[in-house]
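Just so you know, we're using the UniProt record's numbering here: the sequence shown kicks off at 1 and counts up by one.
C-beta atoms are modelled at their ideal positions from N, C-alpha and C, and glycine is treated no differently.
A quick note: this is a predicted structure, and the numbers were derived from the prediction, not measured.
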Amino acid sequence: MQSSSLSIGLKDDHHSKFLHGLKRLQYIDFSRNAFEDRFRISTFKSQLDSVQSLILEGNLFTSVPLNLEDFNRLSFLNIRNNKIAYLITKEINAIEVLFRKSNRTMTVLLDGNPLVCTCASLDFVEWLFTTKVKLDSNGSYSCVGNDGNITTTNAVYNHLRIFRIRCITTVWVIFSVTLFGVLLLFILVGYRYKLHLQYFCLFIGMANPLFLKSKEEKLEYDAYVAYCDGDYEWVYGPLRIFLEERRNYKLLLLDREMSLLENIDFLL
């Protein structure tokens with residue numbers, strides 16, 4: 001069934017009737033059919049206990065398009081010449097499950113995919129050379145490195161420890177730069193709105209029960225406000241109105257007290 005434009009036909013097969021009932025089918029060839037989406041769960045439902053070879057070569061898959069662990073006898077998977085960058089951990093684990101189910105005879109063909117050898121795919125590269133699953137080219141494929149240059153999975157595996165250290169270093173550099181940027185932003189915002197922050201802290205502090213004066217204490221003032229000449233209008237305006245008239249705090253304002261004392265002296 002290769003080169004049969006099945007990707008068009010199976011789109012409308014919502015009830016998976018195409019392979020339904022073919023319970024003894026052992027070999028399925030869906031190569032070069034322009035598939036790109038995952039198969040429905042029920043597409044191969046009748047073949048889970050029978051199919052041994054599955055050919056998906058020459059399609060447009062970016063990942064393994066089905067749940068491999070559902071198959072019980074699959075021992076040959078051809079996904080050559082697709083658009084797969086690397087196999088994720090879930091796909092690798094599923095292949096290992098098939099390896100055990102197939103009595104250690106599992107074969108996977110990966111050649112012709114645009115593989116990448118980046119930080120995200122290092123576990124995949126390591127698996128290529130540590131697994132007992134049979135791979136084409138002995139697991140040595142062409143791939144694109146972090147720097148964009150063409151290399152091979154074998155070359156990356158031979159220096160795997162160095163690549164992992166580089167990746168860890170890169171992650172910490174990105175984290176450090178991001179953290180520094182966030183801290184710098186907080187510092188700039190804090191400096192820009194420092195007066196607002198001071199007023200906010202003052203308000204929070206006064207709302208704290210620990211700040212409230214004890215019933216046993218009889219203090220003449222609740223707070224002493226120190227200020228410079230430039231803050232005179234703000235202190236005697238918004239701050240005094242908010243704290244004394246709205247919050248019922250009695251403030252010790254030096255200029256006001258001095259003026260009061262001068263009036264008393266004058267009357268005396």
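Can you tell me whether residue i is helix, strand or coil according to DSSP?
i                : result
isoleucine 41    : coil
cysteine 228     : coil
tyrosine 193     : coil
isoleucine 28    : strand
alanine 85       : coil
phenylalanine 76 : strand
leucine 54       : strand
leucine 94       : Per the sequence shown, residue 94 should be read as alanine rather than leucine. Alanine 94: helix per DSSP, three-state reduction.
leucine 251      : strand
Residues in its own chain within less than 8 Å of residue i by CB, not counting five upstream and five downstream?
i            : result
valine 156   : Cys117, Leu122, Val125, Cys143, Gly145 and Phe163
tyrosine 141 : Leu110, Asp111, Asn113, Leu115, Leu128, Thr152 and Thr153
threonine 62 : Glu36, Asn82, Lys83, Ile84 and Ala85
valine 97    : Leu68 and Glu69
serine 102   : Arg73, Leu74 and Ser75
What residues in its chain sit with their C-beta under 6 Å from that of residue i, if we drop five residues either side in the sequence?
i                : result
isoleucine 79    : Leu56
cysteine 119     : Cys167
aspartate 49     : Asn72
phenylalanine 39 : Pro65 and Leu66
leucine 252      : Tyr221 and Tyr224
serine 53        : Tyr27 and Phe76
Relative to the alpha-carbon of residue i, which residue among the options has its alpha-carbon at the smallest distance?
i                : options                           : result
phenylalanine 18 : Tyr191, Asp37 and Lys45           : Lys45
glycine 112      : Glu91, Gly58 and Asn72            : Gly58
leucine 195      : Asn158, Leu239 and Leu48          : Leu239
residue 284      : Gln198, Lys250, Asn33 and Ser31   : Nothing can be reported for residue 284, as the shown portion of the chain is limited to 1 through 268.
leucine 115      : Arg246, Ile84 and Val108          : Ile84
tyrosine 224     : Cys201, Asp255, Glu233 and Phe200 : Asp255
aspartate 222    : Tyr232, Trp234, Glu233 and Leu243 : Leu243
isoleucine 41    : Lys23, Leu54, Asp70 and Gln26     : Asp70
threonine 131    : Leu197, Tyr199, Arg100 and Gly148 : Arg100
histidine 20     : Tyr27, Gln47 and Gln198           : Gln47
glutamate 257    : Lys90, Ala226, Phe186 and Leu6    : Ala226
lysine 23        : Ala34, Phe30 and Thr43            : Thr43
Please list, in chain order, all residues of the same chain as residue i whose beta carbon is under 7 Å from its beta carbon, the five residues on each side excluded.
i             : result
threonine 105 : Ser75
State yes or no: is the C-beta of residue i nearer than 7 Å to some heavy atom of the ligand MN?
i            : result
threonine 89 : Absent from the structure shown: the ligand MN. Ligands present: none.
Is there contact between the region 134 to 141 and the region 178 to 188, where contact requires at least three CB pairs shorter than 8 Å? no
Curious, which full-length alpha helix (DSSP H) runs of at least 4 residues does the region 105 to 191 contain? 122 to 130 and 153 to 158
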